[in-house]
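**Student:** Protein chains in written order, with the numbering used here: chain V, 915 to 1155; chain Z, 915 to 1155.
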DNA sequence: TAAATAGTGTCTCTAAGACATTATTTG
DNA sequence: CAAATAATGTCTTAGAGACACTATTTA
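1) Tell me residue 1015(V)'s beta-bridge partners as DSSP assigns them.
2) So what's residue 1004(Z) in DSSP terms, helix, strand or just coil?
3) Just to confirm the assignment, what range does the beta strand (DSSP E) spanning residue 1124(Z) have?
4) Closer than 9 angstroms by beta-carbon distance: list the chain Z residues that pair up with residue 1127(V), in chain order.
5) Excluding the 5 residues flanking residue 996(V) on each side, which residues of the same chain have their C-beta closer than 6 angstroms to its C-beta?
6) What residues in its chain sit with their C-beta under 6 angstroms from that of residue 1047(V), if we drop five residues either side in the sequence?
7) Label residue 1077(V) either buried or exposed according to how many other C-beta atoms from any shown protein chain fall within 10 Å of its C-beta, with 16 as the threshold for buried.
8) Can you give me the C-alpha to C-alpha distance between residue 1116(V) and residue 1149(Z), rounded to a whole angstrom?
9) For the beta strand (DSSP E) that residue 940(Z) lies in, which residues bound it at each end?
10) Report the partner residues of residue 1147(Z) according to the DSSP bridge assignment.
11) Is residue 1074(Z) closer than 8 angstroms to residue 1143(Z) when the C-beta atoms are compared?
12) If contact is defined by three or more beta carbon pairs under 8 angstroms, each pair taking one atom from either stretch, is the segment 952-972 of chain Z in contact with the segment 1002-1014 of chain Z?
13) Can you give me the start and stop residues for the alpha helix (DSSP H) that residue 1094(V) sits inside?
14) Among 923(V), 1129(V), 1146(V), 1103(V), which residue has its Cα nearest to the Cα of residue 1070(Z)?
15) Quick one: any contact between the segment 934-944 of chain Z and the segment 956-974 of chain V, if contact means 3 or more CB pairs under 8 angstroms?
16) How far does the beta strand (DSSP E) with residue 1037(V) in it reach, from first residue to last?
17) Determine, for residue 1148(Z), whether the minimum Cβ-Cβ distance to residues of chain V falls below 8 angstroms.
18) Just curious, the beta strand (DSSP E) that residue 979(V) is in, first and last residue?
19) Round the Cβ separation of residue 925(V) and residue 1001(V) to the nearest angstrom and send it over; I've been treating them as touching at under 8 angstroms.
20) Could you list which residues in chain Z have their beta carbon closer than 9 angstroms to that of residue 1012(V), in chain order?
21) Strictly under 8 angstroms for the Cβ-Cβ distance: is residue 1112(V) near chain Z by that measure?
22) What residues are listed by DSSP as bridge partners for residue 1134(V)?
23) So, at 6 angstroms on beta carbons, what are the nonlocal neighbours of residue 1079(V) in its own chain, with the 5 sequence-adjacent residues on each side left out?
24) Which chain V residues are close to residue 955(Z), counting only those with a beta carbon under 8 angstroms from its beta carbon?
25) When the distance is taken between beta carbons, is residue 1129(Z) closer than 8 angstroms to residue 1118(Z)?
26) Look at the Cβ atom of residue 986(Z), then the Cβ atom of residue 1035(Z), and state whether they are nearer than 8 angstroms.
27) Verify the CB distance criterion: does residue 980(V) have a CB-CB separation below 8 angstroms to chain Z?
28) Return the Cβ separation of residue 933(Z) and residue 923(V) in integer angstroms, given the expectation that the two are a contact with Cβ distance under 8 angstroms.
29) Per DSSP, what are the beta-bridge partners of residue 964(V) in this structure?
30) Is residue 1030(Z) close to chain V? Criterion is C-beta to C-beta, closer than 8 angstroms.
31) Could you check if residue 1065(Z) is buried or exposed, using at least 16 other CB atoms within 10 Å of its CB as the buried criterion?
32) Would residue 1068(Z) pass as an interface residue toward chain V - the criterion being a Cβ-Cβ separation below 8 angstroms?
33) Please classify residue 1111(Z): does DSSP put it in a helix, a strand, or coil?
34) Looking at the structure shown, is residue 1068(Z) part of a helix, part of a strand, or coil, going by DSSP?
35) Is there a Cβ of chain Z sitting closer than 8 angstroms to that of residue 1017(V), yes or no?
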């Protein structure tokens, strides 16, 4: 090696994922169960999926996040962004550690939870509207990481098209509106919602309708664009005067 | 130690800072010069200030960022937020490395650049409006980190009160508007700007005026609030129709 | 009084909020 | 037809954009 690396002791580095979907009319996050062995911290506790960076096989942080995502869900999510880094002396009993948290959105149908191989038991945990996490303790500081991810999601939903990534490829405008309402925890005006979505040129009509027990609804899909759309205004409810 | 840590090799971890101010009617970022020794990469190149985490003395990432900030500028900045983490096998010739980048805003007057002790030569580098960085090569991938920081700053300035942190404690509304214009690279409407700022209850009048060669301007300061204000709409210019 | 910048007023326009109304299906 | 949800229309309102106009200082 050409350069000397300094004598600083290196922290542990992991990547964790907050993977969200909408199921059963509620926001949900994917949790995995930690192994039940005495030499691992928090045995049997539920945690966000993640783990150590493997500097042999991961060429960068995003690649590591994608690998973990693939291991847990078996799919490529339509949306993956970095949330941030948490590092401290206290957060892991094994020593000074840093975790890079990524934040993924996916349709509920795409998930195939696999318990086996190096993946432990996994489940979707419900996040009630108004709550900032699941109603249980999580391993490490994962409750805090999850709260930050939920806050980011709720914040961005006010002015972006993110909820579209929580739905299956084909959806109706009512379903999209419902996804917004579930995350925001408040009803939106149908008329304003629809003009906003249509003016943004976000979605395109499909030559199909969803038929249920009443008037059929037009099906749409996202226009081919990888980037989410940013609306110029938030969905703020009129203040009482 | 109670737990076994796994056999993964640990990456190098650093914290870097993008410290912005407004000076000479322009946005500027603080750069430091790397040491001129053969066992350090990028000798004499300019870089964002930063360095290795010291897990002996830094209790968490933010503390580490604050320590580096203090070392470089000698002040506590009024605004410091995490920008994100960059990690890859290639970004540092010494091996797989991660940097956590923080993003600070400060008034120009507060800075006292110190070359000496463990701080190398330092200077403010101008960022022209429209450009995504300084017009020169930087060490490591710092040009990319800086471009991301500038993009985040420009994006947030559209809908937040961040530019107020770039000004000295007392300022006029014209100076605040000018800070917005410098970062956004376009003029704003004076009337709309003033009503927006006043309606947000962001600033408070001081019993003083700034006297120059013409009509004196009312001086204001930020109301005591640590959090930046988020406006419900962006400053988007009317589209040509 | 001229120059310069501070600060206000007026009119328009866009898009959201509130809420009513019409449309289209099944049972 | 009733029930249910889809989809559209109308009116109001908040706040930005454009731009003119007034105000207050120094030279």
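By construction, the Cβ of each residue, glycine as well, lies at the ideal position given by its N, Cα and C atoms.
**Tutor:** Reading off the structure:
1) In the first chain, residue 1015(V) corresponds to position 101, counting from 1. Answer is 930(V), 998(V).
2) Your numbering for residue 1004(Z) matches position 90 in the second chain. Note: residue 1004(Z) maps to coil in three-state DSSP.
3) In the second chain, counting from the first residue as 1, residue 1124(Z) sits at position 210. Judged by DSSP secondary structure, residue 1124(Z) falls within the beta strand (DSSP E) whose first and last residues are 1117-1124.
4) Taking the first chain and counting its residues from 1, one reaches residue 1127(V) at position 213. Result: empty, since nearest Cβ-Cβ is about 39 angstroms, beyond 9 angstroms.
5) The sequence position of residue 996(V) within the first chain is 82, counting from 1. Around residue 996(V): 1016.
6) Looking up residue 1047(V) in the first chain gives position 133. Closer than 6 angstroms at Cβ, skipping near neighbours: 1057, 1060, 1061.
7) Residue numbering aside, residue 1077(V) sits at position 163 when the first chain is read from its first letter. Buried, because 16 or more other Cβ atoms sit within 10 Å of the Cβ of residue 1077(V).
8) In the first chain, the residue the question calls residue 1116(V) occupies position 202. In the second chain, the residue the question calls residue 1149(Z) occupies position 235. Inter-residue distance for residue 1116(V) and residue 1149(Z) is about 22 angstroms (C-alpha atoms, whole angstroms).
9) Here the question's residue 940(Z) lines up with position 26 in the second chain. Residues 940-947.
10) The residue labelled residue 1147(Z) in the question sits at position 233 within the second chain. Paired residue(s): 1147(V).
11) In the second chain, residue 1143(Z) corresponds to position 229, counting from 1. In the second chain, residue 1074(Z) corresponds to position 160, counting from 1. In contact: residue 1143(Z) and residue 1074(Z) (Cβ atoms closer than 8 angstroms).
12) Because the criterion of three Cβ pairs below 8 angstroms is met, the segment 1002-1014 of chain Z and the segment 952-972 of chain Z touch.
13) As a first step, residue 1094(V) is located in the first chain; it is residue number 180 there, counting from the start. First-last of the alpha helix (DSSP H) with residue 1094(V): 1087-1098.
14) Locating residue 1070(Z) in the second chain gives position 156, counting from the first residue. Measuring from the Cα of residue 1070(Z), the nearest candidate turns out to be 1146(V).
15) Under the three-pair Cβ rule at 8 angstroms, the segment 934-944 of chain Z does not count as touching the segment 956-974 of chain V.
16) Numbered from its first residue, the first chain carries residue 1037(V) at position 123. Counting along the chain, the beta strand (DSSP E) containing residue 1037(V) begins and ends at 1036-1041.
17) One-based indexing of the second chain puts residue 1148(Z) at position 234. True, the Cβ-Cβ gap to chain V drops below 8 angstroms.
18) Residue numbering aside, residue 979(V) sits at position 65 when the first chain is read from its first letter. Annotation for residue 979(V): no beta strand (DSSP E) segment contains it, though the alpha helix (DSSP H) segment containing it runs 975-987.
19) Counting from 1 along the first chain, the entry for residue 925(V) is found at position 11. Counting from 1 along the first chain, the entry for residue 1001(V) is found at position 87. Between residue 1001(V) and residue 925(V) the Cβ distance is about 6 angstroms, and since that is below 8 angstroms, they are a contact.
20) Your numbering for residue 1012(V) matches position 98 in the first chain. Within chain Z, the residues near residue 1012(V) are 927, 967, 975, 999, 1012, 1014.
21) Against the first chain, residue 1112(V) aligns to sequence position 198. No, no contact with chain Z.
22) As a position in the first chain, residue 1134(V) is number 220, starting the count at 1. According to DSSP, residue pairing for residue 1134(V) in a beta bridge involves 1085(V), 1119(V).
23) Here the question's residue 1079(V) lines up with position 165 in the first chain. Around residue 1079(V): 992, 993, 1019.
24) Residue numbering aside, residue 955(Z) sits at position 41 when the second chain is read from its first letter. Result: 917.
25) For the purposes of this step, residue 1118(Z) is taken as the residue at position 204 of the second chain. For the purposes of this step, residue 1129(Z) is taken as the residue at position 215 of the second chain. At the C-beta level, residue 1118(Z) and residue 1129(Z) stay beyond 8 angstroms of one another.
26) If you number the second chain from 1, residue 986(Z) lands on position 72. If you number the second chain from 1, residue 1035(Z) lands on position 121. Result no, Cβ atoms of residue 986(Z) and residue 1035(Z) do not sit closer than 8 angstroms.
27) Position 66 of the first chain holds residue 980(V). Under the Cβ criterion of 8 angstroms, residue 980(V) is not counted among the residues facing chain Z.
28) The residue labelled residue 933(Z) in the question sits at position 19 within the second chain. The residue labelled residue 923(V) in the question sits at position 9 within the first chain. Taking a contact as a CB-CB distance under 8 angstroms, the pair residue 933(Z) and residue 923(V) does not count as one, their CB atoms being some 27 angstroms apart.
29) The residue given as residue 964(V) occupies position 50 in the first chain. In the DSSP output, where bridge partners are listed per residue, residue 964(V) has 930(V).
30) To locate residue 1030(Z), count along the second chain from 1; it is residue 116. A caution first: residue 1030(Z) carries a pLDDT of 48, below 50, which makes its placement in the model too unreliable to give a value.
31) The sequence position of residue 1065(Z) within the second chain is 151, counting from 1. The C-beta of residue 1065(Z) has fewer than 16 other C-beta atoms within 10 Å across all chains shown, which makes the residue exposed.
32) Numbered from 1 along the second chain, position 154 holds the residue referred to as residue 1068(Z). The C-beta of residue 1068(Z) comes no closer than 8 angstroms to any C-beta of chain V.
33) Taking the first residue of the second chain as 1, we reach residue 1111(Z) at position 197. The DSSP-derived three-state label of residue 1111(Z) is helix.
34) Position 154 of the second chain, counting from 1, holds the residue named residue 1068(Z). Residue state, collapsed to three classes: helix.
35) Here residue 1017(V) is taken as the residue at index 103 of the first chain, counted from 1. Not closer than 8 angstroms to any Cβ of chain Z, the Cβ of residue 1017(V) fails to qualify, so no.
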